[in-house]
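Peer 1: For the sequence shown, counting from 1, position 49 maps to 65 in my numbering; every step adds exactly one. Note that the Cβ used here is the ideal one computed from N, Cα and C, for glycine as well.
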Amino acid sequence: AEVAIHRAVASGEPSHVAKYAFQLAQTFNTFYHDYPVIHEQDPERRTFLLWMTEYFRSQLHRVLDVLGIQVPEYM
């Protein structure tokens with residue numbers, strides 16, 4: 017996120033942040049498709065997958081906040 021924000025500020029192009037947000041959402045979609053957290057039986061692996069899910073969520077929330085986009089509480 018920091019790199020995209022830095023590029024946007026340096027170039028005066030907020031589209032860098034928007035493109036990063038889109039790429040992040042696509043990456044999470046692929047991740048969740050490949051590793052369906054809800055069906056994971058191994059507790060240790062599930063904990064890790066939940067952590068990854070939270071990481072994606074927090075990064076996307078941060079980027080959308082920079083763009084001034086309100087994030088819904090539930091989707």
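The alpha helix (DSSP H) with valine 66 in it runs from where to where?
Peer 2: As written in the sequence, residue 66 is leucine, which differs from the valine given in the question. Run containing leucine 66: 59 to 82, per the alpha helix (DSSP H) assignment.
Peer 1: With contact counted as at least three CB pairs below 8 Å, one residue from each stretch, are the segment 30 to 40 and the segment 70 to 89 in contact?
Peer 2: Cβ pair count under 8 Å is three or more, so yes.
Peer 1: In whole angstroms, give me the CA-to-CA distance for phenylalanine 64 and alanine 20.
Peer 2: About 26 Å.
Peer 1: Indicate whether valine 33 and valine 82 have their beta-carbon atoms separated by less than 8 Å.
Peer 2: Result yes, Cβ atoms of valine 33 and valine 82 sit closer than 8 Å.
Peer 1: To the nearest angstrom, how far is the alpha carbon of alanine 24 from that of alanine 17?
Peer 2: C-alpha separation (whole angstroms): 11 Å.
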